[in-house]
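K.L.:
Numbering (this note's numbering), first residue to last: 1 to 1116. Even for Gly, the Cβ is constructed at its ideal location relative to N, Cα and C. Since the model is a prediction, treat every value here as computed from it, not as a measurement. Here you go, one structure.
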């Protein structure tokens, strides 16, 4: 409580009155009745700061009150006084406990909390010490450190410890956050420091942002993106001056933060949309397009923020980006314009469409994520959006099978059309001949013009042939590559992938050695010659092919690169060895040192650096110069890398890679090599549980319950043990014996118990869930539910067995947590694919055929769930109803939409008894509210309402007088006036005419036929405009009764006043219709006008008003 009070006092000290201070002092006296004494060292910031919280509050009071403090505040206790004096003594400049942040951060936190409103002391005591800790002495010219590729920055590499940050109040933490934010925002200033911010400053900023509310942390970091882009646009050109462009560096650093540190932060959907739009805006910048590394970093941000979302977030994001009013709808409308030249000389209205700046491969990843979200949620995207996607993109047959509902009418590529590939093949042969001619004559300028000015995208294909034939490469090719945009490089990589796959199709290698030689050249192009970044090649191989045969060849190429050559394995192995799984918690100086060593061992050189290197080697061969030691790396040509690395860059593509390998059902050896090579990447995945669940759910028909599914799950979960624990997602029964040594009922009970434990706990969650919610992928209950679904989908037991075992759990007696257990079982069934849900529907049908409903009294449907569960009665109908309601409330919209068909085809034909009718009505009618809340589901409401009327008629005709017809009639009234109104008026009236006379009388307000014929004052379905037209020419006080347009009222009274016609709905209370409500104007309450009165008088009086009969004009 005192910690909460300190948080408030620190922020709102100006609003704290003297009365508030006295009340807080009283609270302190109540909470601390005994003398408090600290025993121990100051090595635990959380405990130490909590102990000194009251003293920090009093120091805030002293700062505000000044000399009046002794008059206003009661005298502190001896213990509190000693604590206050302790903090005040720490204001000495020479106190080592303040200056030594590394060893005495608990004292620093306590002082920071106490003096956060005293900026003079806070700056002197806290900000100065932290600044020295993060950057080192600023005036020391030799105090520097080098980031990868030799970029200079401040030397400190150890961020503020997370326990220290957690010990700070929001107010003091915000001061530190603003200081760190200022360190990177000053990169936009004209007077720039030659040093970049230290790794300690950057990582501390990330820790502060990730542990603070969005508005006060990450939002302010994101606000730097448009500022950096504006600064880049204002520059004359990148690299035009001797000084590096810090605005470009800042944009890259922000991408580094978003991709590799803040990706775990629960960013709201709309800010995610804004991040994607900001990145897309940056990609359209000409200067950004000339910087391959910066362009790729922006692509990485977009790829992560539109792939790694919850299904519900993904639907919102797609509607905002590519929906009807989406900001990036043009991306889907004309994806092929990415490869077209810029229209720099034409105005926007003169061109058929704007150039796009996101490759079709990136768009495929977005669409695949959208299709996956639509399948998981059952949500229906606007038809025109899906039609646009299907019209402009071709998909492999395997993908169309996985997303058959979403890809209806799409273009399926079966690989039979080889015309474009043949044209590319002949074009490459021609370009190879021309290149040999130019190289033989040493004509570099014509060769550069041939490939750059004419924008021939076969450059990588030509280079492949040259390396394959001669094992050498001329530096002119690097000169070409350094002069073209990142977009053109992407197009050339895609053309090269098309070409490589085609030559494999056209002339399959006669033996493994030939294929290995082909892939060896490709591997050298990536790692030795550094022509194509591996992550770019991987994305092209995985996402560019549009038919299954091409995909299989691509996977075979990747398999050979990671299996037969050491380049990928050695790089990834080194990164996996030192990159921590929880980077926000475990990043330290060792990480940054290892990163620098990695890039020293495996530098990623630019095209300019490779050109200079080859030209030096060429001159040495020709004997033109003496061999001299020259640096191969020019720091000015590189971007500042704090976190980015190959292992994490490829992670989004690895997601799609493994899913495509599972979709196309590749050979076991190939899949095993791919999984074993890339599985360590999942140590850094922000959503591994959601990824495994979505893959198993979408591939339920081909993957689930197979040995491959088990291997897929176990290998990925094995990478999460360091971060989340061994049994975070899976139970020991599945890990150790694959559910072979326990019955389905036993392991299903364990799964349900795990969810119950994670959902209901008094203080701390169970040990198998992540304790620190800030770094958890899912909340405890969500983690347990997702893990249970993954386990059941990977289990060897078929859905018919496990779903049946789950349902049987709710009928165990005694059931100690009946409501929670029923809700948990229903949640699991709705979170599993349709193969599990069919078992639930079959169970409901079997209940309808049970002896209790076919031969029992209808009263059994009105018992209570408590009596069934706690009194151990034999009746189980209420348990089945509760399970049905829980299922229908939790199921996705696709499953819900199937309910009318299920009722009409499977339940209605079986109805014979009144008990069966009441059971079905109690099951179905309460769910109408879900349809009603989803406005687009009105058709399903009408279908269900018609079926309810038909079922009631069927049973009434068979049974005769129903024992509970009053209850049934009440339910029909509720259904009409709450949900359907007069939308099914004709069907309702036809059905009611077939009911027994007693039910027809009770339902006369639903069927207006008799009422309309016999009562002339009732005008039926009449609009308010029509009522006004009739009454405006009539005398004052004339009125009529008509059907209400509101679904929640039966009738409306329209009456003539002095200057107009007023309309009042008639609420119903206690069987009576009222004017003005049941309590306000009781003297206007009246029983509904009786039939006999209408016949006798033709005019019915209520107060001083006249009732206007249809067809007659009645004057008072």
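#1: Taking just the CA atoms, how far does residue 30 sit from residue 11?
#2: With three or more C-beta pairs closer than 8 Å as the rule, is the stretch 117-125 touching the stretch 159-166?
#3: Please classify residue 493: does DSSP put it in a helix, a strand, or coil?
#4: Among 770, 744 and 153, which has the Cα closest to the Cα of residue 800?
#5: What residues are listed by DSSP as bridge partners for residue 438?
#6: Leaving aside the five residues before and after residue 797 along the sequence, list all residues of the same chain whose C-beta is less than 8 Å from its C-beta, in chain order.
#7: For the alpha helix (DSSP H) holding residue 1038, just list the boundary residues, first then last.
#8: Looking only at DSSP bridge pairs, what is residue 196 linked to?
#9: Roughly how far, in whole angstroms, is the beta-carbon of residue 609 from the beta-carbon of residue 637, given that I think they are within contact range, below 8 Å?
#10: Where does the unbroken alpha helix (DSSP H) through residue 802 begin, and where does it stop?
#11: Grab the span of the beta strand (DSSP E) containing residue 1052 for me, first residue to last.
#12: Can residue 858 and residue 1002 be called in contact, C-beta distance under 8 Å?
#13: Can we say the stretch 557-571 touches the stretch 438-446, given the rule of at least three CB pairs closer than 8 Å?
#14: Should residue 1035 go down as buried or exposed, given a rule of 16 or more other Cβ atoms within 10 Å for buried?
#15: Figure out for me which residue from 373, 422, 622 and 931 has the closest Cα to the Cα of residue 945.
#16: In terms of alpha-carbon separation, which member of 719, 379, 881 and 253 lies closest to residue 314?
#17: Skipping 5 residues on each side, what residues in its chain have a beta carbon closer than 8 Å to that of residue 198?
#18: On a Cα-Cα basis, can you pick out the residue from 856, 807 and 855 that is closest to residue 839?
#19: Considering only DSSP beta bridges, list what residue 146 is partnered with.
#20: Are residue 615 and residue 475 closer than 8 Å when you measure CB to CB?
#21: Could you work out which residue in 332, 311 and 273 is closest to residue 305 when comparing CA atoms only?
#22: Specify the secondary structure class of residue 379 as computed by DSSP and reduced to three states.
#23: What residue ranges within the stretch 616-670 form continuous alpha helix (DSSP H) runs of no fewer than 4 residues, ordered along the chain?
#24: Under 8 Å by Cβ, that's how I've got residue 790 and residue 707 pegged, so tell me the actual separation to the nearest angstrom.
#25: If you draw a straight line from the alpha carbon of residue 338 to that of residue 778, how long is it in whole angstroms?
#26: Leaving out five residues before and five after residue 1057 in sequence, what residues of the same chain have Cβ atoms less than 8 Å from its Cβ?
#27: For a test of the three-state rule: what should DSSP assign to residue 1006, helix, strand or coil?
#28: Rounded C-beta distance between residue 642 and residue 332? I'm assuming under 8 Å.
#29: Below 8 Å CB to CB, which residues in the same chain sit around residue 27 once its five sequence neighbours on both sides are set aside?
#30: Cα separation between residue 534 and residue 558?
#31: At which residue ranges does the stretch 744-775 contain complete alpha helix (DSSP H) runs of 4 or more residues, listed in the order of the chain?
#32: Which partner residues of residue 1018 appear in the DSSP bridge assignment?
#33: Under a Cβ-count criterion, where at least 16 other Cβ atoms within 10 Å of its own Cβ denotes burial, should residue 566 be classed as buried or exposed?
#34: DSSP state of residue 70, grouped into three classes?
#35: Between the stretch 863-881 and the stretch 903-911, are three or more C-beta pairs nearer than 8 Å?
#36: Residue 812 by DSSP, collapsed to three states: which one?
P.N.:
Taking the structure as given:
#1: 24 Å
#2: no
#3: helix
#4: 744
#5: DSSP lists no partner for residue 438.
#6: 705, 739 and 744
#7: Taken as a continuous stretch (DSSP letters only), residue 1038 belongs to no alpha helix (DSSP H), being part of the beta strand (DSSP E) at 1038-1043.
#8: 153
#9: 6 Å
#10: 799-809
#11: 1051-1056
#12: no
#13: no
#14: exposed
#15: 931
#16: 379
#17: 134, 135, 136, 145, 153, 154, 155, 156 and 157
#18: 807
#19: 152
#20: yes
#21: 273
#22: coil
#23: 646-649 and 651-663
#24: Not confirmed; about 16 Å, so no contact.
#25: 37 Å
#26: 1036
#27: coil
#28: That pair is no contact at about 34 Å.
#29: 1, 2 and 5
#30: 10 Å
#31: 744-759
#32: 1041
#33: exposed
#34: helix
#35: no
#36: coil
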